[in-house]
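Chemist: Can you read through this structure? Questions will come right after.
Protein chains: 2
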Amino acid sequence: MNNFVYDIPTRVYFGENQLGNLGAELSKYGKKVLMTYGGGSIKKIGLYDKIVEEIQKAGLELFELSGIDPNPRVASVNAGADICKKEDIDVLLAVGGGSVLDCTKYIGAATYYDGDAWDILLQKVPVDNCLPVITVLTLAATGSEMDAGGVISNPETKDKIGLVFPVMQPKVSFLDPTTTYTVNKFHTACGAADMLNHILEVYFNMDQDLYMLDCVMEGLMKTIIKYAPVALEEPDNYEARANLMWTSTWAINGFVNGGKRQAWSCHPMEHELSAIYDITHGLGLAILTPRWMEYTLNETTVSKFYQFGTNVFGIDKNLAPMEVAKKSIEMISDFLFSTLGLQSTFTEIGIDETNFEIMAKKACMDSVLPGFKPLNQQDIVNIFKMCL
Amino acid sequence: MNNFVYDIPTRVYFGENQLGNLGAELSKYGKKVLMTYGGGSIKKIGLYDKIVEEIQKAGLELFELSGIDPNPRVASVNAGADICKKEDIDVLLAVGGGSVLDCTKYIGAATYYDGDAWDILLQKVPVDNCLPVITVLTLAATGSEMDAGGVISNPETKDKIGLVFPVMQPKVSFLDPTTTYTVNKFHTACGAADMLNHILEVYFNMDQDLYMLDCVMEGLMKTIIKYAPVALEEPDNYEARANLMWTSTWAINGFVNGGKRQAWSCHPMEHELSAIYDITHGLGLAILTPRWMEYTLNETTVSKFYQFGTNVFGIDKNLAPMEVAKKSIEMISDFLFSTLGLQSTFTEIGIDETNFEIMAKKACMDSVLPGFKPLNQQDIVNIFKMCL
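Going line by line, the protein sequences match chains H and Z.
Using the numbering used here, you'd call the opening residue of the first sequence number 1 and step up by one each time.
Using the numbering used here, you'd call the opening residue of the second sequence number 1001 and step up by one each time.
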């Protein structure tokens, strides 16, 4: 059991109509606010107007950067950092889903660097400073609202890189489940697949760690399995949206990690997929997850699958461990592809074998992904083939 | 489902040999450190020497206040605040269990007040400032290491009052499970009863709130039930001590509360007991808990007991809810009094009916305890009688 440092200082306003606190929170950091957002859905749902009103009421000066894409590009990071430098911005306000939040964190960091922001992703320069980031979340998925990480894509090099820098931790996040009412079925399902995979990447680990954290993870997974279908059927069900939103945050804010040595598997594989095919992250994870589970199941790892199957899916504890394990993989497939209705194969989404070798090579960085079961390039190609 | 603000910024160093970070953490706040502790057990286990060494290495100036009692007295708060004012202390270092930590928080607050610290407990003065508090925990029980509350006794008035002030939140806490190896069976058991009751006070609530938090609470309770007996049998079992320590923290740091309207029941009753009889808090809670459960079980509340019994104790879901409920009370009694070996009645610990009326009157503040089931003075007397 390894030591760890728990350090998650983000303050969260959870629930409806909490934006009355936004002006005061922004004002702690200065007068000039850069609001970042995506394609304009926040205008459709009236969120943009509410935020602008609060900023005006607080007497702050508003700057804007819109058009941040899903799988956010380094170009957006550079564009944002340019505004911050030129306008001497004091605080960043990210309004949107994980892509907007991730991009905004790097804008905050890149403001303190004079070159191309991609150098930060390549770890060529240290990241010791970041403008304060406040977020208003509109999608339950990535957990970016309460962690210090972010993933940025570079379409020129077809790379997608995710890093964590403590200075990028959001100071404050506003989580209003009603802002996710308009998230469509597909993105609701992808969000659920994403948060579920965040937990599985930590949970499936043979390091001995705190039982209490396994219990917490099992509880979070049960919550996703219970409420994602409800949110699909009733998009404005507050109970479902609230449970999914707070669960997605805690799936990846670091609490459940404890002292486990962390090495994720599905995420590095999926990042290569999105980098080339620009698919939705949660969809790529959904397709990979059950194949990765099947590929990593063996006599050594079966005990973890047994724990998962009995505690999360309530599979009969009296069955043989290997039987429970296989059944748990069936049940998670069923959840992802039948209940959530996500496409189940690469073929269905137009991905063939063409790039498997290069993606696998990049995913394991020409070496080995040291996760739950270590995966080399051939292993990853094998998993990709299982997804066809 | 109510809104809430999540705000728990305490940084925690969890595990063995983390005190190498203590000097740097203290130094952030200044040069003059007041270390507070209890009766000297920290000297016996070598912790005192380690801490003094780290403080010397960091070039800090050390002041001390020892002799803080269990059920800490307001006299200790005043004594500590006097030192802080006289010596111009920059930062407080509380080393011990919940009593030392609670007392130290109020020392930090009372430093900014010129009168008797009891005025703070009587809420006669606002608490807007507190010296920074850093803690080194040696007992898994109260959760004071990661919350902003504390309970102080006044032997003269026979009052015991607990309040929460955000400014008292510890900046940093060091949680080393090995420091609890020497905690004897009785206090290990009382600690387990305390943390279990902290969760039950929140869990048993008919407000609709986040399912995910109920799942987390069930996980924490399962952890206590699994590991408290192990710690009793093998006091130096790291896995057991670590699980109990981190669970006790999360039982009461505020996370599990969500948006529930909070009104605790057993704690106000127990505080009156300790105020008069100076018993160990966890023991008082242990005796009260199953009686309070029995007293509050009815057709309205049975659904919560059913959830508790099936999810925490694994009682057969096919049984009638009332049967599950009664069985769950039996099982918790069995856990507290047989497994943990705690005394099960007031009579055994020398408490009779003499003060029931006055304690009940104080516990409900001459009105009604508005908890899981509202309890008036007569209800509380009835529960006390069930404990005889």
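Beta carbons: idealized from backbone N, C-alpha and C, even for Gly.
Leaving out five residues before and five after H:Pro166 in sequence, what residues of the same chain have Cβ atoms less than 6 Å from its Cβ?
Modeler: On the first sequence, position 166 is the one that residue 166 of chain H refers to. Cβ neighbours of H:Pro166 beyond the five flanking positions: Ala148.
Chemist: Does the stretch 171-183 of chain H come within contact of the stretch 346-357 of chain H, defined as at least 3 CB pairs closer than 8 Å?
Modeler: no
Chemist: Does the stretch 1307-1322 of chain Z come close enough to the stretch 1350-1367 of chain Z to have 3 or more Cβ pairs within less than 8 Å?
Modeler: Output reads no: the stretch 1350-1367 of chain Z does not touch the stretch 1307-1322 of chain Z.
Chemist: Helix, strand or coil for H:Thr135, going by three-state DSSP, please let me know.
Modeler: Sequence index remark: in the first sequence, residue 135 of chain H carries index 135 (1-based). Residue state, collapsed to three classes: strand.
Chemist: Helix, strand or coil for H:Leu375 per DSSP?
Modeler: Here the question's residue 375 of chain H lines up with position 375 in the first sequence. H:Leu375 falls in the strand class under three-state DSSP.
Chemist: In terms of residues, what are the limits of the alpha helix (DSSP H) holding H:Asn243?
Modeler: For the purposes of this step, residue 243 of chain H is identified with residue 243 of the first sequence, where counting begins at 1. Note, H:Asn243: alpha helix (DSSP H), 238-252.
Chemist: Based on the DSSP secondary-structure assignment, which residues constitute the bridge partners of H:Tyr6?
Modeler: Position 6 of the first sequence, counted from the start, is the residue given in the question as residue 6 of chain H. For H:Tyr6, which the question treats as bridged, DSSP gives the partners Z:Val1012.
Chemist: One question on the structure: do H:Asn3 and Z:Gly1254 come within less than 8 Å of each other, judged by their Cβ atoms?
Modeler: Within the first sequence, the letter at position 3 stands for residue 3 of chain H. Within the second sequence, the letter at position 254 stands for residue 1254 of chain Z. It is not a contact, given that the beta carbons lie outside the stated cut-off.
Chemist: Establish whether the CB of Z:Gln1018 and some CB of chain H are separated by less than 8 Å.
Modeler: In the second sequence, residue 1018 of chain Z corresponds to position 18, counting from 1. Yes, because at least one Cβ of chain H sits closer than 8 Å to the Cβ of Z:Gln1018.
Chemist: Measuring alpha carbon to alpha carbon, tell me which of H:Lys43, H:Asp49, H:Lys32 ends up nearest H:Leu19.
Modeler: For the purposes of this step, residue 19 of chain H is taken as the residue at position 19 of the first sequence. Of H:Lys43, H:Asp49, H:Lys32, the residue nearest in Cα terms is H:Asp49.
Chemist: Scan the stretch 54-84 of chain H and note each continuous beta strand (DSSP E) run of 3 residues or more that stays entirely inside, going in chain order.
Modeler: As far as the stretch 54-84 of chain H is concerned, its whole beta strand (DSSP E) runs of at least 3 residues are 61-65.
Chemist: Express the C-alpha separation of Z:Leu1200 and Z:Arg1291 in angstroms, rounding to a whole number.
Modeler: On the second sequence, position 291 is the one that residue 1291 of chain Z refers to. On the second sequence, position 200 is the one that residue 1200 of chain Z refers to. Rounded to the nearest angstrom, the two C-alpha atoms are 13 Å apart.
Chemist: Just how far apart, CA to CA, sit H:Pro268 and H:Gly39?
Modeler: Sequence index remark: in the first sequence, residue 268 of chain H carries index 268 (1-based). Sequence index remark: in the first sequence, residue 39 of chain H carries index 39 (1-based). Cα to Cα, H:Pro268 sits roughly 27 Å from H:Gly39.
Chemist: Determine the DSSP secondary structure at Z:Ser1153, reduced to helix, strand or coil.
Modeler: Counted from its first residue, the second sequence places residue 1153 of chain Z at position 153. Here Z:Ser1153 sits in strand by DSSP.
Chemist: What number of angstroms, rounded off, separates the C-alpha of H:Gly67 from the C-alpha of H:Leu288?
Modeler: The residue you call residue 67 of chain H lines up with position 67 of the first sequence. The residue you call residue 288 of chain H lines up with position 288 of the first sequence. Distance between the alpha carbons of H:Gly67 and H:Leu288 is about 29 Å.
Chemist: Under 7 Å, CB to CB, which of the residues in the stretch 1149-1176 of chain Z have a partner in chain H?
Modeler: none
Chemist: Look at Z:Met1035 and Z:Leu1062 and say whether their C-beta atoms are less than 8 Å apart.
Modeler: Start at 1 with the first residue of the second sequence, and residue 1035 of chain Z comes out as number 35. Start at 1 with the first residue of the second sequence, and residue 1062 of chain Z comes out as number 62. Yes; because the gap between Cβ atoms is below 8 Å, this pair is in contact.
Chemist: Taking buried to mean at least 16 other C-beta atoms within 10 Å of its own C-beta, is H:Ile358 buried or exposed?
Modeler: Locating residue 358 of chain H in the first sequence gives position 358, counting from the first residue. Per the 10 Å Cβ criterion, exposed.
Chemist: Sort H:Lys44, H:Tyr227, H:Lys57 by Cα distance to H:Lys31 and report the nearest one.
Modeler: To locate residue 31 of chain H, count along the first sequence from 1; it is residue 31. With distances taken between CA atoms, H:Lys31 lies nearest to H:Lys57 out of H:Lys44, H:Tyr227, H:Lys57.
Chemist: When you compare the stretch 67-84 of chain H with the stretch 152-172 of chain H, are there three or more beta-carbon pairs, one atom per stretch, that lie closer than 8 Å?
Modeler: yes
Chemist: What is the DSSP secondary structure of Z:Phe1165, counted as helix, strand or coil?
Modeler: For the purposes of this step, residue 1165 of chain Z is taken as residue 165 along the second sequence, with counting starting at 1. Correct three-state label for Z:Phe1165: coil.
Chemist: Closer than 6 Å by C-beta to H:Asn21: which residues in its own chain qualify, once you throw out the five before and the five after it? Chain order, please.
Modeler: Position 21 of the first sequence, counting from 1, holds the residue named residue 21 of chain H. Cβ within range, chain order: Tyr13.
Chemist: So which residues of chain H does Z:Pro1009 contact, with C-beta pairs closer than 7 Å?
Modeler: As a first step, residue 1009 of chain Z is located in the second sequence; it is residue number 9 there, counting from the start. Going along chain H in sequence order, the residues near Z:Pro1009 (Cβ under 7 Å) are Pro9.
Chemist: Considering only DSSP beta bridges, list what Z:Leu1101 is partnered with.
Modeler: The residue labelled residue 1101 of chain Z in the question sits at position 101 within the second sequence. Per DSSP, none; premise fails for Z:Leu1101.
Chemist: Is there a C-beta anywhere in chain H that falls below 8 Å from the one on Z:Lys1260?
Modeler: The residue labelled residue 1260 of chain Z in the question sits at position 260 within the second sequence. Chain H, which has no Cβ nearer than 8 Å to the Cβ of Z:Lys1260, makes this no.
Chemist: Take Z:Ala1231 and list the residues in its own chain whose beta-carbon comes closer than 7 Å to its own, dropping the five residues that flank it on each side.
Modeler: Along the second sequence, read from residue 1 onward, the residue named residue 1231 of chain Z stands at position 231. Answer for Z:Ala1231: Thr1188, Asn1237, Ala1240, Arg1241, Leu1244, listed in chain order.
Chemist: Does the stretch 1111-1123 of chain Z come close enough to the stretch 1214-1224 of chain Z that 3 or more CB-CB pairs lie under 8 Å?
Modeler: no
Chemist: Can you list, in chain order, the residues of the stretch 74-94 of chain H whose Cβ is nearer than 9 Å to any Cβ on chain Z?
Modeler: none
Chemist: Could you name the residues of the stretch 222-254 of chain H whose beta carbon sits closer than 8 Å to any beta carbon of chain Z, in the order they occur along the chain?
Modeler: Lys222, Thr223, Lys226, Tyr227, Tyr238, Glu239, Ala242, Asn243, Trp246, Thr247, Trp250
Chemist: Count the other CB atoms, across all protein chains shown, that sit within 10 Å of the CB of Z:Val1077; report buried if there are 16 or more and exposed otherwise.
Modeler: As a first step, residue 1077 of chain Z must be located in the second sequence, where it is residue number 77. When all chains shown are included, Z:Val1077 counts as buried.
Chemist: Below 8 Å on the Cβ atoms is my contact criterion, and I expect Z:Ser1274 with Z:Lys1160 to pass it. Report the Cβ-Cβ distance as a whole number of Å.
Modeler: Taking the second sequence and counting its residues from 1, the one referred to as residue 1274 of chain Z is at position 274. Taking the second sequence and counting its residues from 1, the one referred to as residue 1160 of chain Z is at position 160. Rounded, the Cβ-Cβ distance is 6 Å, consistent with contact.
Chemist: State the beta-bridge partners of H:Asp159 as determined by DSSP.
Modeler: Within the first sequence, numbered from 1, the residue matching residue 159 of chain H stands at position 159. Answer is H:Asn154, bridged to H:Asp159.
Chemist: Rounding to the nearest angstrom, what Cα-Cα distance links Z:Asn1197 and Z:Phe1204 in this structure?
Modeler: Counting from one through the second sequence, the residue named residue 1197 of chain Z turns up at place 197. Counting from one through the second sequence, the residue named residue 1204 of chain Z turns up at place 204. Rounded to whole angstroms, the separation of the alpha carbons of Z:Phe1204 and Z:Asn1197 is 10 Å.
Chemist: Using a 10 Å radius around the Cβ and a threshold of 16 neighbouring Cβ atoms, would you call Z:Ala1320 buried or exposed?
Modeler: Your numbering for residue 1320 of chain Z matches position 320 in the second sequence. Label assigned to Z:Ala1320: exposed.
Chemist: Taking 8 Å as the CB-CB limit, is H:Glu145 close to chain Z?
Modeler: Within the first sequence, numbered from 1, the residue matching residue 145 of chain H stands at position 145. No, H:Glu145 does not count as interfacial toward chain Z.
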